[in-house]
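Q: Each residue of the sequence shown is one higher than the one before, starting from 1 at the first, in the working numbering.
Just so you know, even glycine gets a beta-carbon here, dropped at the ideal spot from N, CA and C.
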Amino acid sequence: MHKEQIIQALSAVREQKPLVVNITNYVVMNNTANALLAIGASPIMAHSQQELAEMMSFAGALVINIGTLDSVWTPRMTYAVEQANANNKIVVLDPVGCGASQLRTQTSREIAKLANQLIIRANASEIIALAGEQAQSKGVDALDSSDTALDAAKFLVAEYGASVVISGATDYVVTQDSVVKLDNGDAMMPYVTGMGCTLTALTGAFAAVGEHTGLAAAAVLGVVGEIAAEQSRGPGSLQLNLLDELYLLDEQRLSERLKLS
């Protein structure tokens, strides 16, 4: 059943071209906007508090990524989440580097608590830290494997009524009803900055068309990353090939490649 839902969600994104509001970090704005365009969605990198209420009235979803956090960004983020709540829109939270500093951990928890409809997309270390366990974190890179974060993810599902996507060598999508395991992707993917942030942005596109688990985005990026890596000499060409493969991905290749359990 999952495979059919993923394929339908991909078609829906391409047909509806949802607008996704991204309050994301300076490092990945270009990557994530290009990925959203390649999959068929419409990105907007709106950061001004003066326009966020208006934006969230007609956007499909809100992506909050705390990668380059500071005192100016935090109030914008919380305001945007309030506007998403007011307009019954889903919030996708990427708690980048949660656990690396108190600021990141506290801000992530505040945003998670505030959002009425929430998907959390993070690596294992960030999930563990967000749940309040001792995570091994080296800046924004995970030192924990994704299966070690399953209990923490289940806690977050219960605590925030969220869906949780743990990304890593193996991806897990944890909801109230199920745990789905995805074994796609490639070992070269972590060598491109913002690969997780790209997954978060894509999660926003799928959420905007009603796919509220995060599964479709994780499936699509895993498959596309795998295909792109096969023709890439290194991280530079992987970045280019990934965008091409997102654009070219069809239902048949997705269905054939998907390793889901």
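1) Per DSSP, leucine 260 is paired with what?
2) Grab me the residues of glutamate 226's own chain with a C-beta within less than 8 Å of its C-beta, minus the 5 sequence neighbours each way, in chain order.
3) I'd like to confirm the pairing. Which residues does DSSP put opposite serine 146 in its beta bridges?
4) Let me know the secondary structure DSSP gives tyrosine 26 once reduced to three states.
5) Please report the Cβ distance between lysine 17 and serine 42, rounded to the nearest whole angstrom; I am assuming they are in contact, meaning their Cβ atoms lie under 8 Å.
6) Provide the residue span of the beta strand (DSSP E) that contains valine 92, from first to last.
7) Please classify valine 209: does DSSP put it in a helix, a strand, or coil?
8) If you reduce the DSSP assignment to three classes, tell me which class leucine 240 lands in.
9) Sorted by chain position, which residues of the same chain lie with C-beta nearer than 6 Å to glutamine 117's C-beta, five sequence neighbours on each side aside?
10) Leaving out the 5 sequence neighbours to the left and right, which residues in its chain are closer than 6 Å to alanine 122 when beta-carbon positions are compared?
11) Do histidine 47 and isoleucine 23 have their CB atoms nearer than 8 Å?
12) Using alpha carbons as the reference points, say which of Phe206, Gly222, Arg233 lies closest to glutamate 245.
13) For proline 266, name the three-state secondary structure that DSSP assigns.
14) Which whole-angstrom value is the C-beta distance of leucine 202 and isoleucine 6, which I expect to be below 8 Å?
15) Quick check on DSSP: helix, strand or coil for leucine 62?
16) Buried or exposed: alanine 135, going by 16 or more other Cβ atoms within 10 Å of its Cβ?
17) Decide if glycine 210 is buried, meaning its Cβ has at least 16 other Cβ atoms within 10 Å, or exposed.
18) Starting from serine 42, trace the beta strand (DSSP E) in both directions and tell me its first and last residue.
19) Helix, strand or coil, according to DSSP, for asparagine 284 in the structure here?
A: In short:
1) Bridge partners of leucine 260: Leu182.
2) Here glutamate 226 has Asn184, Gly185, Asp186, Arg257 as same chain residues with Cβ atoms under 8 Å from its own Cβ, once five neighbours each way along the sequence are excluded.
3) Paired residue(s): none; serine 146 is not in a bridge.
4) DSSP places tyrosine 26 in coil when its eight states are reduced to three.
5) That belief holds up - the Cβ atoms of lysine 17 and serine 42 are roughly 5 Å apart, short of 8 Å.
6) Unbroken beta strand (DSSP E) run through valine 92: 90 to 94.
7) Valine 209 carries a coil assignment under DSSP once its states are collapsed to helix, strand and coil.
8) DSSP places leucine 240 within a helical segment (H, G or I) once states are collapsed to three.
9) Excluding residues within five positions, the ones whose Cβ falls inside 6 Å are Ile90.
10) For alanine 122, where only same-chain residues beyond five positions count, the Cβ hits under 6 Å are Pro95.
11) Yes.
12) The candidate whose alpha carbon is nearest that of glutamate 245 is Gly222.
13) In the structure displayed, the chain extends from 1 to 261; residue 266 sits before or after that span and is not available.
14) At roughly 12 Å, the Cβ-Cβ gap does not stay under 8 Å, so leucine 202 and isoleucine 6 are not in contact.
15) Residue state, collapsed to three classes: strand.
16) Summary for alanine 135: the model assigns pLDDT 45, below 50, so the residue's position carries little reliability; its value from the coordinates is reported in the next sentence. The residue in question, alanine 135, is buried, as its Cβ has 16 or more Cβ neighbours within 10 Å.
17) Of the residues assessed, glycine 210 falls on the exposed side of the cut-off, its CB having fewer than 16 other CB atoms within 10 angstroms.
18) That run of the beta strand (DSSP E) goes 42 to 44.
19) An answer regarding residue 284 cannot be provided, because it is not within the stretch 1 to 261 covered by the chain.
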